[in-house]
Amino acid sequence: MDKVKEIVSEINKGNPKPIYFLMGEEPYYIDRISQYIAENVLTEDEKGFNQMVLYGKDTSVDDIVANAKRFPMMAQYQVVIVKEAQHLSRTIENLVSYAENPQPTTILVLCYKYKKLDKRKKLYKAINKSGELFESKKLYDNQVADWIRRTLASKKYKISPKSCVMLVEYLGTDLSKISNELDKLALIVPPATEITPDLIEEHIGISKDFNNFELKKAIGERDVKKASRIIDYFVQNPKDNPFVVTVTLLNTFFTQLLQYHGLKDHSPGNVAKVLGVNPYFVNEYVVAAKNYPMKRVSGIISSLRNLDLKGKGVGASNMGQADLLKELLSEII
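Residue numbers (the UniProt record's numbering): 1 to 333.
Set out below in structure tokens:
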């Protein structure tokens, strides 16, 4: 996010680069930067003659260069945005000669999603010298909750740790999808409000009581009744609660619990750091460690891996989600 802010700041100061090569596995920031350039470099009157959007599937590097070499009409700059530029990956190196001597009155933006340039090639070196190379990296699962917190803080909102986990569990690591849901909340909830599980349940539709987060907690506490109620809810709502998500989350939890058992320093700060979890959730591991000794945890991890294979049809083609979930609970508790 710091790099994005730096790019935006330079544009606002009137110092845009002639080339922005936006690449990487996470499309969210690629879209945000290209959208910002499209909306803010030119005035509405200037855009008619001086802003162009091309698509990688429907254009060529030669066409891009030809358009980029044009001069702006009654404006300081022209903006050429190439969306889905990754479709030009086989010929993208043909852009080298232009990148070595770009048109100073053109701002060329290439959205190269899910791929990145080879740092050893001439194009990477040329753009790195004359323009801006931005790599949008995919966030790890344990980084997304913090991203949500910081994003909401920039909008003057707070969010509880449990609420962050609910959003990540339900929406995954797709930042665009998460951002859309946060924008919806911002339209409904006034600033300075804390985003709670109740608000998420009401406005996004995620159950605050029947979700994988609560199942994990119930299993850690060996609360069989609560875990069974959640499992029954999952059986009745299979589309919203896919088995693969449940078994993956529990496998992660018990793998972290195995790490916890192996720690010499069980102070909350060290546990949070080593396991990569929010300090708010450390007590869950303290409780679970009392209920599941290290040897038992190893056996559970093995069972979860077998269940994961069964869920994918390996050795259990006739098992439905209901049977898998019931066996999961039986194997653990």
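Even glycine gets a Cβ: it sits at the ideal position worked out from N, Cα and C.
Computed from a prediction, not measured in an experiment: that's the story for all the values here.
With respect to the 8 Å criterion, N94 and P72 are not classified as neighbours on the basis of their beta carbons. Within its own chain, the residues whose Cβ lies closer than 6 Å to the Cβ of V282, once the five positions on either side in sequence are excluded, are P268, V271 and A272, listed in chain order. With a cutoff of 8 Å on beta-carbon distance, N212 and E169 are scored as near each other. At a Cβ-Cβ threshold of 8 Å, L304 and F254 count as neighbours.
In this chain, the beta strand (DSSP E) harbouring E132 covers E132 to E135.
Below 8 Å, too few C-beta pairs join the stretch 100-109 and the stretch 135-149 to call them touching: fewer than three.
Residue state for V79 is assigned as strand, using DSSP reduced to three classes. For M166, DSSP records no beta bridge to any residue. When DSSP states are grouped into helix, strand and coil, L108 belongs to the strand group. Taking C-alpha positions only, A289 is separated from I333 by approximately 14 Å. Rounded to whole angstroms, the Cβ separation of L108 and A153 is 34 Å, and the two are not in contact under 8 Å. Rounded to the nearest whole angstrom, the CA to CA distance from L249 to Y140 is 14 Å. In this structure, G172 is the residue among G172, R229, A38 and V96 with its C-alpha nearest to the C-alpha of A145. Annotation for G24: the continuous beta strand (DSSP E) segment containing it runs I19 to G24. Using a Cβ distance threshold of 8 Å, V247 and L328 count as a contacting pair. One thing to note: E84 has its Cβ within 8 Å of the Cβ of K57.
In this structure, the beta-carbon distance from I64 to V82 falls below 8 Å. Under the three-pair Cβ rule at 8 Å, the stretch 185-203 does not count as touching the stretch 218-230. When DSSP reads this structure, I159 sits in a beta bridge with I195.
The bridge partners DSSP lists for L54 are V82. The closest CA to that of I231, considering only A322, Y157, I37 and D240, is found on A322. In the structure shown, K113 falls within a strand segment according to DSSP collapsed to helix, strand and coil.
Between the beta-carbon of K113 and that of Q86 there is about 5 Å, and that keeps the pair under the 8 Å contact cut. The beta carbon of E214 is closer than 7 Å to those of I230 in its chain, skipping five residues each way along the sequence. In the displayed model, S89 falls within coil according to three-state DSSP, outside both helix and strand. Your pair L88 and V61 checks out as a contact, with CB atoms roughly 6 Å apart and the cut at 8 Å. The alpha helix (DSSP H) runs of length 4 or more contained entirely in the stretch 217-266 are, from start to end of the chain, 224-236 and 243-262. In the structure shown, V286 falls within a helical segment according to DSSP collapsed to helix, strand and coil.
Of the other Cβ atoms in all chains shown, 16 or more fall within 10 Å of the Cβ of M166; this residue is therefore buried. One Cα belongs to G262, the other to Y285, and the distance between them is close to 12 Å.
Under the three-state reduction of DSSP, S154 is assigned to helix. Following the DSSP letters along the chain, one finds V297 inside the alpha helix (DSSP H) bounded by residues M294 to G311.
Around the beta carbon of Y55, a 10 Å sphere encloses fewer than 16 other beta carbons of the protein chains shown; the residue is thus reported as exposed. Check the Cα spacing between I7 and each of L42, E26, Y28 and E132: the tightest is with E132. When DSSP states are grouped into helix, strand and coil, S97 belongs to the helix group. Assigned with DSSP and collapsed to three states, Y36 falls in helix.
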